[in-house]
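One structure is given here, and the rest of the page talks about it.
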Amino acid sequence: MSNEKIVEISMHCRGGQTCITASQLLAEMAYEEDFKDTIAIPIIGAERRGAPIQAFTKVSKNKAIKTYDSVKNPDYMLIFDTSLLEIPTIRSTIKEGVNLIINSANSIDKSDLPENIKIFLVDATGICIKRNFMHASGPILNIPMLGAFGKITGYYNLETMEKIIKKEFGENRLEKNMSVAKDAYESVKEV
Amino acid sequence: MTEAQKDFVQDRETIIIKGNVAAAYAAKSARVQVISAYPITPQTTVVEKLSEFVDNGEMPGTEYIKVESEHSVFGAVVGASKAGTRTFTATSGQGIFYANEMIHWAAGARLPIVVAIASRGPAPPWNIWADFTDVISQRDTGWMSCFCSAHQEIYDEILMSYKVCEDHDILLPKFIAYGGFILSHTSKPVIIEDQDLVDKFLPPLPSEEGWPHIWMDPKRPLMFGNLIMPSSFYYEFRLKIHDASIRAKEKIKKVAAEFEKTFGRNYGNGLIQEYKMDDVDVGVVIYGDLALQMEEAVDQLRDEGYKVGMVKLRHFRPFPTEDILDIAKKVKVLGVIDRATAFGSQTGGPVSCEVKGVLHETKGTATVLPIINGLGGREVSLEQQKEQLKKLVKYHETGELPKDVIHGTLWDGLLEVE
């Protein structure tokens, strides 16, 4: 990656699947490494559990980030829920060259997607259920999704994740957080 | 900034926080003594963070007063400031409108209250997103007001503002406004300054005697703000508010220079900040979050050979009349971009009206094109801003007005409606 390039990441989840927090944590994890500027942009309205939610993070090694606008041409897309891929406005943002990181145990329908994209799968839901990493309305997907993202990009490692998770959430449940991060880090696969 | 200062800045610890949290940290760094609080979106996390600081014992001696409305929020800080304390609160949109009576009171009583505003569009329809009409609607209250375009600037401007407001020659309250959600809820790296440095930069907290113009002593009861007859000094007090506000311009400049010397961050002359305004045909005056994004648009168009530049308007009250006159001499076409409305006025945009008013008496050749965009948080992308600059360049070159010019103003980014 060119040092002048601002890398743009979009996250899509449903209300309660924690991608707003993920965008903030990703900014912190990248900044902890050699990124000099970053911004986390949650799109906030009056959404409830289950409604489609978007959040964005931009990271940059050298160039100052001066934009606040939403990401239209993401370098990476984190899809927390495969049902969101059925929404035309989300599916149409999948453009050539994008890296898709999808929470899914099974392979996905690639029929109308551009050819030269990379697709990575991680069973974040399965990992959360296995490790009982849940809140009232379901699995806490942000940590495993960020584990997968860290592995694919190399922007940060598990140690950095641990440092930031500890800073944000304290020692409480740190071990459980790290167990799902590690599972995702080790199991994410390109398909 | 010198190279040495740059290193100095980068050595300091930064945290990645929301604009609202930066505002709360600034109040903490300024050692405010009284905070009054009532939640309203998108400001709420400012007072939430402060309640956390107070609860954790990180702000020893600070009174945190929970009240039942914004009118009482301002009532509480007016009372506390009158008693001679450094006060802080935050609000947004409808909260400002509800508090309007006490907002006038604070300025009339010459109280140096500093308030963060996460700006949102006035209802109806109900709106919680960026639109500066809320703070600008307080134009004639006597409060100073300024706009921030970055997270760090929110923290920095609150510190600078206490220094300006509490100056015994000024003694006026001030709003520090930033776009709701665009700055309030996005996160960026922010330097929280060393407490010793902040203490040295700011004036000392008011002594027991309080502010110089108020003598509040329970042993010697006095009435404040009582009825005076038209033949008495009401009229003269009004002149003094205007005079202090105009004189504040020099103080704002001085404090911005001192701030740069102490902390190494430059905010132009405090009132405005020019960006690439040398050798330009077309310039824009712009404020708030869109000003930072416009810097990127200017950079990209300059790379393509366009002679464009911009001026970030930092202060709305006092208005930088002299600076705007200087700017107008440098350009042929000046776009003035509002994210706010002034219905029924000359242009429909409050800042473009102001700029046109300033230029009225000059013999300059700059033509003003007022632009309104992003009302109620409507997204204004980098691409849209680049297009705005190109439209201004085309206007300069051909005299052809862009489409969507309505009553002389470009309403940019309207939905296509049949």
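One line per chain: the protein sequences are A and B, in this order.
Numbered per the numbering used here, the first sequence spans residues 1 to 191.
Numbered per the numbering used here, the second sequence spans residues 1001 to 1418.
Glycine included, C-beta positions come from ideal geometry on N, C-alpha and C.
Note down, in chain order, each residue of its chain lying with its Cβ closer than 8 Å to the Cβ of residue i, except the 5 sequence neighbours on either side.
i: Val1164 (chain B); result: Met1144, Ile1170, Lys1174, Ala1248, Lys1251, Ile1252, Val1255
i: Lys151 (chain A); result: Ala184, Tyr185, Glu186, Val188
i: Gln1268 (chain B); result: Before going further, note that residue 1268 (chain B) is Gly rather than Gln in the sequence given. Answer for Gly1268 (chain B): Ala1256, Glu1274, Lys1312, Arg1314, listed in chain order.
Check this for me: beta carbons of residue i and residue j, under 8 Å apart or not?
i: Ser70 (chain A); j: Phe56 (chain A); result: yes
i: Pro1350 (chain B); j: Ile1272 (chain B); result: no
i: Pro144 (chain A); j: Val180 (chain A); result: yes
i: Ile1016 (chain B); j: Ser1184 (chain B); result: no
i: Lys1106 (chain B); j: Ile1241 (chain B); result: According to the sequence as given, residue 1106 (chain B) is Ala; it is not Lys. Not closer than 8 Å, so no.
i: Lys1136 (chain B); j: Ala1340 (chain B); result: Reading off the sequence shown, one finds Ile at residue 1136 (chain B), where the question assumed Lys. Yes. Within cutoff.
i: Gln1094 (chain B); j: Ala1123 (chain B); result: yes
i: Val98 (chain A); j: Met77 (chain A); result: yes
i: Arg14 (chain A); j: Ala46 (chain A); result: no
i: Ala1076 (chain B); j: Ser1029 (chain B); result: no
i: Ile1327 (chain B); j: Gly1283 (chain B); result: yes
i: Val1336 (chain B); j: Val1405 (chain B); result: no
i: Gln1293 (chain B); j: Thr67 (chain A); result: yes
i: Lys1307 (chain B); j: Val1333 (chain B); result: no
i: Gly1180 (chain B); j: Pro1039 (chain B); result: no
i: Phe120 (chain A); j: Ile101 (chain A); result: yes
i: Val1078 (chain B); j: Ala1109 (chain B); result: yes
i: Ile20 (chain A); j: Pro42 (chain A); result: yes
Excluding sequence positions up to five away, which residues of its chain have a Cβ less than 6 Å from the Cβ of residue i?
i: Met178 (chain A); result: Glu162
i: Tyr1287 (chain B); result: Phe1147, Leu1313
i: Gln24 (chain A); result: Ala40
i: Ile1182 (chain B); result: Ala1130, Asp1289
i: Ile1096 (chain B); result: Asp1134
i: Thr89 (chain A); result: none
i: Val1115 (chain B); result: Thr1089, Phe1175
i: Phe1152 (chain B); result: A quick correction: the sequence has Gln, not Phe, at residue 1152 (chain B). Cβ neighbours of Gln1152 (chain B) beyond the five flanking positions: Val1190.
For chain A, is any of its Cβ atoms less than 8 Å away from the one on residue i?
i: Asp1007 (chain B); result: Because Asp1007 (chain B) sits at a pLDDT of 44, beneath the cut-off of 50, its placement in the model cannot be relied upon, and the following sentence gives the value as read from the coordinates. Closer than 8 Å: no.
i: Thr1186 (chain B); result: yes
i: Gly1399 (chain B); result: no
i: Asp1289 (chain B); result: yes
i: Ile1136 (chain B); result: no
i: Ile1246 (chain B); result: no
i: Leu1375 (chain B); result: no
i: Glu1153 (chain B); result: no
i: Glu1058 (chain B); result: no
i: Leu1382 (chain B); result: yes
8 Å is my cut-off, CB to CB: does residue i come that close to chain B?
i: Asp37 (chain A); result: yes
i: Gln17 (chain A); result: no
i: Tyr156 (chain A); result: no
i: Asp34 (chain A); result: no
i: Ile41 (chain A); result: yes
i: Gln54 (chain A); result: no
i: Glu28 (chain A); result: yes
i: Asp69 (chain A); result: yes
i: Ile44 (chain A); result: yes
Can you list the residues of chain B that residue i reaches, using a CB-CB cut of under 7 Å?
i: Lys66 (chain A); result: Leu1292, Gln1293, Glu1295, Glu1296
i: Tyr185 (chain A); result: Under the 7 Å cutoff, chain B gives no residues; its nearest Cβ is about 22 Å from Tyr185 (chain A).
Looking only at its own chain, which residues have a Cβ that is under 7 Å from the Cβ of residue i, when we skip the five neighbours before and after it?
i: Thr1141 (chain B); result: Ile1103, His1104, Ala1107
i: Val1380 (chain B); result: Leu1290, Asn1373, Gly1374, Gly1413
i: Ala1004 (chain B); result: Unreliable positioning characterises Ala1004 (chain B) in this predicted model, as indicated by a pLDDT of 43, which lies under 50. The coordinate reading is nonetheless provided below. Cβ neighbours of Ala1004 (chain B) beyond the five flanking positions: none.
i: Tyr1098 (chain B); result: Ser1069, Glu1070, His1071
i: Ala64 (chain A); result: Asp37
i: Pro1318 (chain B); result: Met1144, Ser1245, Ile1246, Ala1248, Lys1249
i: Asn157 (chain A); result: Gly150
At least one CB of chain D closer than 8 Å to the CB of residue i: is that the case?
i: Asp81 (chain A); result: No chain D appears in the structure shown, which is made up of the protein chains A and B.
Mind pulling the chain A residues with CB within less than 7 Å of residue i?
i: Glu1416 (chain B); result: Here the premise fails: no neighbours, minimum Cβ distance about 17 Å.
i: Ile1182 (chain B); result: Tyr68
i: Glu1379 (chain B); result: Asp69, Ser70
Could you name the residues of chain A that residue i contacts, counting a contact when the two beta carbons are closer than 9 Å?
i: Ile1419 (chain B); result: This structure does not reach residue 1419 (chain B), given that chain B is present from 1001 up to 1418, and the question cannot be answered.
i: Ile1040 (chain B); result: Within chain A, no residue comes near Ile1040 (chain B); the closest Cβ sits about 15 Å away, beyond 9 Å.
Show which residues of chain B have a CB atom less than 9 Å away from the CB atom of residue i.
i: Tyr31 (chain A); result: Thr1014, Ile1016, Pro1189
Identify the contact partners of residue i in chain A, using a Cβ-Cβ distance below 8 Å as the criterion.
i: Phe1147 (chain B); result: Those within 8 Å of Phe1147 (chain B) in chain A number zero; the least Cβ separation is about 14 Å.
Cβ of residue i versus every heavy atom of the ligand NAD: is any distance shorter than 7 Å?
i: Phe1175 (chain B); result: With respect to small molecules bound, the structure shown includes none, and the ligand NAD cannot be examined in it.
*Please go through the stretch 1076-1110 of chain B and give each complete beta strand (DSSP E) segment of 3 or more residues, from N-terminal end onward.*
1087-1091
_Threshold first: 4 residues or longer. Then list the alpha helix (DSSP H) segments lying entirely within the stretch 1202-1281 of chain B, N to C._
1234-1263
*asked:* Runs of 3 residues minimum, wholly inside the stretch 1384-1411 of chain B: which ones carry the beta strand (DSSP E) assignment?
replied: You should have 1409-1411.
*Mind listing, in chain order, the continuous alpha helix (DSSP H) runs of no fewer than 4 residues lying wholly within the stretch 1117-1162 of chain B?*
1133-1136
_Quick check for students: name the residue ranges of the beta strand (DSSP E) that lie wholly in the stretch 15-89 of chain A, counting only runs of 3 or more._
37-42, 52-60, 76-79
*Whole alpha helix (DSSP H) elements within the stretch 117-147 of chain A, 4-residue minimum*: 124-130
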